[in-house]
Amino acid sequence: MVFISTIPFNVYALLTIIMVFALCFFKFDFGKMRRNDLIAEKTGDLFAGESEDGQSSDEVAANPKGKVRHLVIPVIILIICCIGGMIYTGFFYNWDTGLIDSALQSANVIEAFSNCDAGMSLAIGSTFALIIIAAYYMIARVVSFKEIMGSFTEGFKAMVPAILILTFAWSISGIMGAKGGYLDAQAFVETNLANSAFPQFLFPAVFFILAGLIAFATGTSWGTFGVLVPIAVTILGGSGTLTILTVSATLGGAVYGDHISPISDTTILASAGAQCNHVDHVRTQLPYATLVAVIAAVAYVVAGACVALGSVLTCVIMWAAALLLFAVSTFVIKKTSKENA
């Protein structure tokens with residue numbers, strides 16, 4: 000319930016979605032992305048001179064039988080299977096014995112999600128999805144059985160660079176200790192923040208910045224949630240507007256740090272999926288994410304000063320400030336981009 004209450008206050012996540020549509024509608028880019036776009040338009044070089052890490056030299060031929068539904072339906076199947084895997088592991092599986100145990104069944108679906116093993120659920124879900132999708136493609140006669148078998152090895156080869164980077168990223172995360180590792184970042188944050196003398200109305204902005212820094216350094220948003228959310232609830236107590244606002248700021252800040260971190264699994268997989276240079280992907284998305292993050296931090300300062308007005312009014316004022324700043328920033332950037340063009 001606390002998480003659901005934080006959704007309207009999650010400025011960074013929601014404003015990021017708004018920004019995507021705004022950029023598409025107004026058709027403009029800025030920062031290194033604009034430079035790369037101009038190079039691509041003038042020279043046809045989609046990599047802007049950067050090395051093509053993890054690129055395959057083989058061109059993938061278009062399938063004339065392919066339809067939009069052949070992309071959409073498999074994605075839906077994957078989502079359904081993974082959710083089903085989470086419900087299965089949460090309801091029936093005993094992780095101590097490795098056997099199905101009906102005595103450990105969860106009381107309801109919500110409890111099943113809480114009790115599930117995410118890693119095993121995704122493994123189960125993706126395996127079943129792979130089988131169903133392969134059958135779907137063969138029945139639709141889009142891809143042959145031989146091509147499906149060949150795609151397994153090709154897909155694994157394409158993912159090897161991402162897997163290696165992930166392995167190193169997880170090693171760094173373990174050393175940093177977002178959840179209490181060798182350097183014990185969690186204890187450091189708890190000790191220093193609990194004894195801080197910050198005015199409470201600044202806590203949302205402070206937690207947003209801290210979450211961004213921790214997530215950037217460790218490459219994990221979930222680990223950052225585990226470090227800061229309990230601290231926020233402990234310091235502020237209860238489920239008042241300021242607590243909800245601070246927890247929401249923590250969630251948004253952690254996602255921001257995860258977005259811009261070069262060792263984040265989501266960043267690594269995004270660059271691998273798009274088949275672009277990993278470091279260049281980090282550099283091009285950094286200005287966009289940082290612009291939204293700065294606006295969100297200012298909005299949290301405004302919201303923190305208005306918590307006495309109640310949650311609804313605080314949310315309205317916060318979003319009014321965020322959207323105003325975003326509109327001004329968009330206008331200035333678009334005008335500057337035209338002048339520089």
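Under numbering that gives the first Met the number 0, the residues of the sequence shown are numbered 0 to 340, in order.
From the three backbone atoms N, C-alpha and C, an ideal C-beta is built for every residue, glycine too.
Every value quoted in this text rests on a predicted model; they were computed, and no experiment measured them.
Distance between residue j and residue i (C-alpha atoms, nearest Å)
i, j, result
"Cys80", "Val71", "14 Å"
"Gly83", "Thr15", "29 Å"
"Ser260", "Ala253", "10 Å"
"Phe8", "Gly89", "29 Å"
"Met317", "Pro286", "22 Å"
"Asp36", "Leu13", "26 Å"
"Ala156", "Ala210", "It should be pointed out that residue 156 corresponds to Lys in this sequence rather than to Ala. Roughly 34 Å between the two C-alpha positions."
"Met137", "Asp116", "32 Å"
"Met0", "Asn114", "17 Å"
"Ala326", "Ala214", "28 Å"
"Leu240", "Ser143", "Per the sequence shown, residue 240 should be read as Thr rather than Leu. Approximately 57 Å between the Cα atoms of the pair."
"Gly303", "Ile76", "42 Å"
"Val141", "Leu121", "26 Å"
"Val306", "Pro229", "20 Å"
"Glu40", "Gly149", "34 Å"
"Glu153", "Ile147", "10 Å"
"Ser125", "Val301", "43 Å"
"Thr217", "Thr265", "13 Å"
"Val246", "Thr233", "11 Å"
"Ile99", "Ala111", "Here the model assigns Ile99 a pLDDT of 49, short of 50, so the residue's position is not dependable, and the following value carries that caveat. Computed Cα separation, rounded: 14 Å."
"Met85", "Phe330", "44 Å"
"Gly251", "Tyr11", "5 Å"
"Val205", "Ala298", "12 Å"
"Pro203", "Ser4", "15 Å"
"Val278", "Gly309", "43 Å"
"Gln199", "His258", "27 Å"
"Ile132", "Ser263", "29 Å"
"Arg34", "Cys275", "15 Å"
"Gln167", "Met158", "The question names Gln, but residue 167 is Phe in the sequence shown. C-alpha separation (whole angstroms): 15 Å."
"Val311", "Val293", "23 Å"
"Asp57", "Val315", "With a pLDDT of 49 at Asp57, under the threshold of 50, the predicted position of this residue should be treated as unreliable, and no value is reported."
"Gly225", "Ser170", "18 Å"
"Phe207", "His280", "23 Å"
"Val19", "Phe2", "24 Å"
"Ile17", "Leu244", "20 Å"
"Ala102", "Met119", "For Ala102, the predicted model reports a pLDDT of 49, less than 50, meaning its position is unreliable and no value from the coordinates is stated."
"Leu324", "Ile38", "30 Å"
DSSP state of residue i mapped onto helix, strand, coil
i, result
"Gln274", "coil"
"Thr233", "helix"
"Val67", "coil"
"Phe112", "helix"
"Gly218", "coil"
"Gly53", "Confidence at Gly53 is low in this model, with a pLDDT of 43, below 50, so its placement is unreliable and no value can be given for it."
"Asn35", "helix"
"Lys26", "coil"
"Gly154", "helix"
"Met0", "coil"
"Cys305", "coil"
"Pro160", "helix"
"Lys77", "Looking at the sequence itself, residue 77 is Leu, so the reference to Lys does not match. The answer is helix: DSSP assigns Leu77 an H, G or I state."
"Ala292", "helix"
"Ile72", "helix"
"Val141", "coil"
"Gly149", "helix"
"Ile358", "Nothing can be reported for residue 358: it is not among the residues displayed for the chain, which extend from 0 to 340."
"Ile262", "coil"
"Leu121", "helix"
"Leu45", "coil"
"Ser310", "helix"
Contact check, residue i vs residue j, beta carbons under 8 Å
i, j, result
"Ala271", "Pro160", "yes"
"Leu227", "Thr249", "yes"
"Ala321", "Ala296", "no"
"Gly256", "Leu212", "yes"
"Lys333", "Phe27", "yes"
"Lys31", "Thr335", "no"
"Tyr87", "Ile123", "yes"
"Gly69", "Ala128", "In the sequence as displayed, the identity of residue 69 is His instead of Gly. Cβ atoms of His69 and Ala128: not closer than 8 Å."
"Ala231", "Thr242", "yes"
"Tyr135", "Pro73", "yes"
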